[in-house]
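Quick notes on the structure that follows.
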Amino acid sequence: MSETNESAGQTGYDAVAAQEKWQRFWADDQTFVAHDDTDKPRRYVLDMFPYPSGDLHMGHAEAYAMGDVIARMWRMQGYEVLHPIGWDSFGLPAENAAIKSNEHPATWTYANIDTQKNSFKRYGLSLDWTRELHTSDPEYYHWTQWLFLRFHERGLAYRKDSYVNWCPKDQTVLANEQVINGLCERCHTPVTKRKLNQWYFKITEYAQRLLDDMAQLETGWPDRVLAMQRNWIGRSEGAVVEFTVDGREDPITVFTTRPDTLYGATFMVVAPDSELAGELVTDEQRPAFETYLEQVKKSTEIERQSTQHEKTGVFLGVHAVNPVNGERVPVWAADYVLSEYGTGAIMAVPAHDQRDLDFARKFGLPVRVVIATGEPDPGESGIATAGDGTYVNSGPLDGLEGKAAGIARTIGTLRERGTGDARVTYRLRDWLLSRQRFWGCPIPIIHCPACGEVPVPDDQLPIELPDLRGDALAPKGTSPLAGPAAAQWRDVTCPQCGGPAQRDTDTMDTFVDSSWYFYRYCSPGYADGPFRAADVRRWMPVQQYVGGVEHAILHLLYMRFFAKVLHDLGMIDFDEPMERLLNQGQVINQGKAMSKSLGNGVDLGQQIDAYGVDAVRLTVVFAGPPEDDIDWADVSPASSLKFLQRAYRLAVEVAGPRGADVAFGDRTLRQATHRAIRDVTDLVGLGRFNVAIARVMELVNATRKAIDTGCGPQDAAVRESVSFVAQALSLVAPYVAEEMWEVLGEAPSIANSQWPTPDPELLVTEAITMVVQVQGKVRAKLTVPPEITETDATDLALSDANVQRALAGREVAKVITRLPKMVSIVPKD
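Under the UniProt record's numbering, the first residue of the sequence shown carries the number 1, and numbering increases by one thereafter.
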């Protein structure tokens, strides 16, 4: 199983030859092609598709091995399995590489795809290559543009002027989700603000549905992913309140979750980079305001929101009227209020909000307590009181207790006066999808001086990218498509009036491409739409999605939004496209993320050359639960290789066709085999792949012991055991499994074999009494199976009522097991 033939003399198995042999067989046999015309039940297993930035790495090794375990298991269980592959092939790295090499981005992209494709095939993944797609093919982005136009027709794609996140290195805008701790998520450059006219998808229209439909995902998605999405959407209940402004017709509208504290609002704050601030500021204050605005643009949102950030601001020269008490309060601009959240303005209640209090103390603004909590006066202590209590200094609310009653009464007053009402808001902002770069899907809109925004007619799609390369792609603050090299592509006639017009020069965020690719896999090559509805009904929703938790907000939220729009368009009949989600961890080394600068990188190709594909796959699956990180310094592909050699030798000893007259002899081995069948089936279904492999290792040991202690290799029990070992290993080590299956005289491919069902009679075991001691005293006697594991025995012992009484709430210091007869519990002193 080494990539060299060194081990062939010991095992009779040539890993390199086996890989070439079985790759050729799978391709010729079309073993993993998913058939539409079948009566079998269907399952769809999907891996988040890769970006072709180079060859496969250790992260790919883990992620794609996990999905393959599930796909191969389901196939042997009798399902018709769709397990497709494609490439997320638009994006900045290709464009940056093209600038350096004076080439077209497609050259770099498709060369990398060829490299990755060969590596995927070498890695032995059970992929359906007949459905392969590339998002940068016109055949694919034709339908990305078509979908954009359907969104546009429904008012879900629109343009507006706004301050946006700008990456000065990549020279493009970023969605809020692509700014991590104030840095560009791709190149880690500090992000600045820039005012531009940009395209947005109106994801906020679906905020509540995105929240409500999580109920469908609670049994199949990790809790932490659902929590991250709930927090990002950020539903808040409260009220909108209108403050009239001296000399201004339109009021300032604020949203607050605590309208009951309105009597404590002593000033207002407006985001300095909002349009509202520019409208409110007086001529006298404008110079100071504009100087301050330039200062604010240099700060990131993270810095502005930090509690450690020094409070700064400027008075706008105007006052607003508090609608509940008629007080005139000054209106300030301050950077701790963001233009994109809420209305871009807040009512400041310094006694009960720490940021407002810090600002008030710095600029000498009034602090009025309106909820008596028994704590020191915030104006003197400098600490805001956020707890519940009794209303004071609050007019008709004085003496009332309880936040709910105060909020309800205040909203009633606002509603009666026509100055406010109850409202639900969301932290979620609309999805900014414009990008000022070349290598992306062109936006199918034409800008006409007479007609305005004109959608490109469907029969003129796709709008293909022009042939730009080298210096023509260099970022200059606008899209390369706005430059002179693209003039012929850009200048067109208006489809409505026939006058001169121009194409939109921005391209779409690549997350648009990845929000619908899994539908296209159902209808490869379909020419009359993005997919055929009957094909999607046949295969979807996806039963198992596999990918990294780093996509919990960006990709997973966006693709859920797309599904809801497609549902409303009548194109699909479900609301959630992914029933189950499996997040794999990272592969690290020496406790840290792999990095060339740290010198701890591990090359996947070198590991495969040294130990073979099967050993590497087995290592990443056996290292721990899928969601945990794998530290390569703590694992041993060499040990995996030795185990696979031991398993293969079993098949060699049993070699030959199944004998019709050979009887079952060793019942103990048969029991071990059928327990392993039961356990591996259950454990893979639960996503506990590493524990399933441990059960296979135990069965290999039991089979070797049976042979070494007198059970002949031709005993039917031995053949049954070795056959299942081969089937179970095919989930993670497909090449050696195919070789074992062939040596056993079975027809190829093992992927087409039938997964066995355990015999209930062989699962029955005699019960054993297990004694449980606490501090040396017997506290319980439990009936357990003789093969009980240490984890199960410990859990069973600790859950016993008598044991719990003996522990009396004390923590457990140590558990000693002598299975299956005894568990001894030592509590902490």
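Cβ atoms here follow ideal geometry from the backbone N, Cα and C, with glycine treated the same way.
The structure displayed is predicted, hence computed values, not measured ones.
Would you identify the three-state DSSP class for Thr192, choosing helix, strand or coil? Locating residue 192 in the sequence shown gives position 192, counting from the first residue. Assignment of Thr192 by DSSP, reduced to helix, strand and coil, places it in the strand class.
Whole angstroms are fine: how far does the CA of Lys117 sit from the CA of Asp47? In the sequence shown, residue 47 corresponds to position 47, counting from 1. In the sequence shown, residue 117 corresponds to position 117, counting from 1. Rounded to whole angstroms, Asp47 to Lys117 spans 15 Å at the Cα level.
Endpoints, the beta strand (DSSP E) within which Thr709 is located: Residue 709 sits at position 709 when you count from the first residue of the sequence shown. No beta strand (DSSP E) holds Thr709; DSSP gives it neither H nor E.
Alpha carbon to alpha carbon, how far is Thr476 from Gln171? Along the sequence shown, read from residue 1 onward, the residue named residue 476 stands at position 476. Along the sequence shown, read from residue 1 onward, the residue named residue 171 stands at position 171. Residue 476 is actually Lys in this sequence, not Thr. Those two C-alpha atoms are separated by around 7 Å.
DSSP beta-bridge partners of Tyr200: Sequence index remark: in the sequence shown, residue 200 carries index 200 (1-based). Tyr200 pairs with Tyr158 and Leu432.
Extent of the continuous alpha helix (DSSP H) to which Thr373 belongs: Looking up residue 373 in the sequence shown gives position 373. From DSSP, Thr373 is part of no alpha helix (DSSP H); its letter is neither H nor E.
Range covered by the beta strand (DSSP E) that runs through His352: Along the sequence shown, read from residue 1 onward, the residue named residue 352 stands at position 352. Run containing His352: none; DSSP gives neither H nor E here.
In the DSSP assignment, find the unbroken alpha helix (DSSP H) run with Gln645 in it and report its ends. The residue given as residue 645 occupies position 645 in the sequence shown. Pro637 to Glu653 is the span of the alpha helix (DSSP H), which, as asked, contains Gln645.
Between which two residues does the beta strand (DSSP E) containing Ala716 stretch? The residue given as residue 716 occupies position 716 in the sequence shown. According to the DSSP assignment, Ala716 belongs to no beta strand (DSSP E) but to the alpha helix (DSSP H) extending over Ala716 to Leu729.
Would you kindly check if the distance between the Cβ of Val318 and the Cβ of Val245 is under 9 Å? Position 245 of the sequence shown holds residue 245. Position 318 of the sequence shown holds residue 318. Yes.
Of the residues Lys814, Lys777, Ile788 and Asp223, which one's Cα is nearest the Cα of Arg805? What you label residue 805 is simply residue 805 of the sequence shown in a count that begins at 1. Cα-wise, what sits closest to Arg805 is Lys777.
By a C-beta neighbour count over all protein chains shown, 10 Å radius and 16 as the cutoff for buried, is Ala486 buried or exposed? Along the sequence shown, read from residue 1 onward, the residue named residue 486 stands at position 486. Buried, since its Cβ has 16 or more Cβ neighbours within 10 Å.
Exposure label - Asp513; buried when at least 16 CB within 10 Å: Sequence index remark: in the sequence shown, residue 513 carries index 513 (1-based). It counts as buried.
Would you grab the beta carbon distance between Asp458 and Trp146 for me? Rounded to a whole angstrom, and I think it's under 8 Å. Numbered from its first residue, the sequence shown carries residue 458 at position 458. Numbered from its first residue, the sequence shown carries residue 146 at position 146. Between Trp146 and Asp458 the Cβ distance is about 6 Å, and since that is below 8 Å, they are a contact.
Could you tell me which residues DSSP puts in a beta bridge with Cys448? Within the sequence shown, residue 448 is the residue found at index 448, counting from 1. Gly452, per the DSSP bridge assignment.
Beta-carbon contacts of Ala175 that lie in its chain and below 7 Å, excluding the five residues immediately before and after: Taking the first residue of the sequence shown as position 1, residue 175 is located at position 175. The beta carbon of Ala175 sits closer than 7 Å to those of Trp431, Leu432 and Asp509, all from its chain and outside the five residues before and after it, given in chain order.
To the nearest whole angstrom, what separates the beta carbons of Val587 and Met58, a pair I think is in contact under 8 Å? Taking the first residue of the sequence shown as position 1, residue 587 is located at position 587. Taking the first residue of the sequence shown as position 1, residue 58 is located at position 58. Right, their Cβ atoms sit about 4 Å apart.
Please classify Lys828 as buried or exposed, where buried requires at least 16 neighbouring CB atoms within 10 angstroms. Residue 828 sits at position 828 when you count from the first residue of the sequence shown. Exposed: under 16 other Cβ atoms inside 10 Å.
By DSSP's criteria, Gln544 is part of a beta bridge. Which residues make up the other side? Within the sequence shown, residue 544 is the residue found at index 544, counting from 1. According to DSSP, Gln544 bridges with Val45.
Nearest by alpha-carbon distance to Asp471: which of Met73, Gly86 and His104 is it? For the purposes of this step, residue 471 is identified with residue 471 of the sequence shown, where counting begins at 1. Ranking Met73, Gly86 and His104 by Cα distance to Asp471 puts His104 first.
What does a CB cutoff of less than 7 Å around residue 834 pick up in its chain, not counting 5 residues either side in sequence? The structure shown does not extend to residue 834, since the chain is modelled only from 1 through 829, so no value can be given for it.
Measure the Cβ-Cβ separation of Thr109 and Pro50 and say whether it is below 9 Å. Looking up residue 109 in the sequence shown gives position 109. Looking up residue 50 in the sequence shown gives position 50. In this structure, Pro50 does not lie closer than 9 Å to Thr109 by Cβ.
From this set, Trp26, Ala65 and Phe32, which residue's C-alpha is nearest Ala615's C-alpha? Locating residue 615 in the sequence shown gives position 615, counting from the first residue. Nearest option by C-alpha distance: Ala65.
Going by DSSP, which residues form a beta bridge with Cys441? Counting from 1 along the sequence shown, the entry for residue 441 is found at position 441. Cys441 is not bridged to any residue.
Report the partner residues of Ser236 according to the DSSP bridge assignment. In the sequence shown, residue 236 corresponds to position 236, counting from 1. Looking at the DSSP output, Ser236 shares a beta bridge with Thr425.
Helix, strand or coil: how does DSSP classify Met268 here? Along the sequence shown, read from residue 1 onward, the residue named residue 268 stands at position 268. In this structure, Met268 counts as strand in the three-state DSSP scheme.
Between Ser639, Arg704, Ala692 and Ala655, which lies nearest to Leu669 when the distance is taken from Cα to Cα? Mapped onto the sequence shown, residue 669 falls at position 669. The shortest Cα separation from Leu669 among Ser639, Arg704, Ala692 and Ala655 belongs to Arg704.
Taking three-plus beta-carbon pairs below 8 Å as touching, is the segment 513–526 in contact with the segment 78–89? Short answer: they touch.
Cα separation between Lys121 and Gln23? As a first step, residue 121 must be located in the sequence shown, where it is residue number 121. As a first step, residue 23 must be located in the sequence shown, where it is residue number 23. Cα to Cα, Lys121 sits roughly 7 Å from Gln23.
Classification of Val424 by the beta-carbon crowding that lies within 10 angstroms, buried from 16 upward: Locating residue 424 in the sequence shown gives position 424, counting from the first residue. Counting of Cβ neighbours within 10 angstroms places Val424 among the exposed residues, the total staying below 16.
Could you check the C-alpha separation between Val815 and Phe255 for me, to the nearest Å? As a working note, residue 815 is residue 815 in the sequence shown. As a working note, residue 255 is residue 255 in the sequence shown. C-alpha separation (whole angstroms): 55 Å.
Would you identify the three-state DSSP class for Met740, choosing helix, strand or coil? Position 740 of the sequence shown, counted from the start, is the residue given in the question as residue 740. Three-state DSSP puts Met740 in a helix.
Using DSSP's beta-bridge definition, name the partner residues of Asp491. The count along the sequence shown starts at 1 and reaches residue 491 at position 491. Answer by DSSP bridge pairing, in chain order: Gln502.
Do the segment 223–242 and the segment 413–420 meet, that is, are 3 or more Cβ pairs less than 8 Å apart? By the Cβ criterion, the segment 223–242 is in contact with the segment 413–420, since at least three pairs of Cβ atoms, one from each stretch, lie closer than 8 Å.
CA-CA distance, Ser274 and Ser339? On the sequence shown, residue 274 is found 274 positions in, with the first residue counted as 1. On the sequence shown, residue 339 is found 339 positions in, with the first residue counted as 1. For Ser274 and Ser339, the gap between their C-alpha atoms comes out near 5 Å.
May I have the straight-line CA-CA distance separating Glu746 from Ala647, to the nearest angstrom? In the sequence shown, the residue the question calls residue 746 occupies position 746. In the sequence shown, the residue the question calls residue 647 occupies position 647. For the pair Glu746 and Ala647, the Cα-to-Cα distance works out to about 17 Å.
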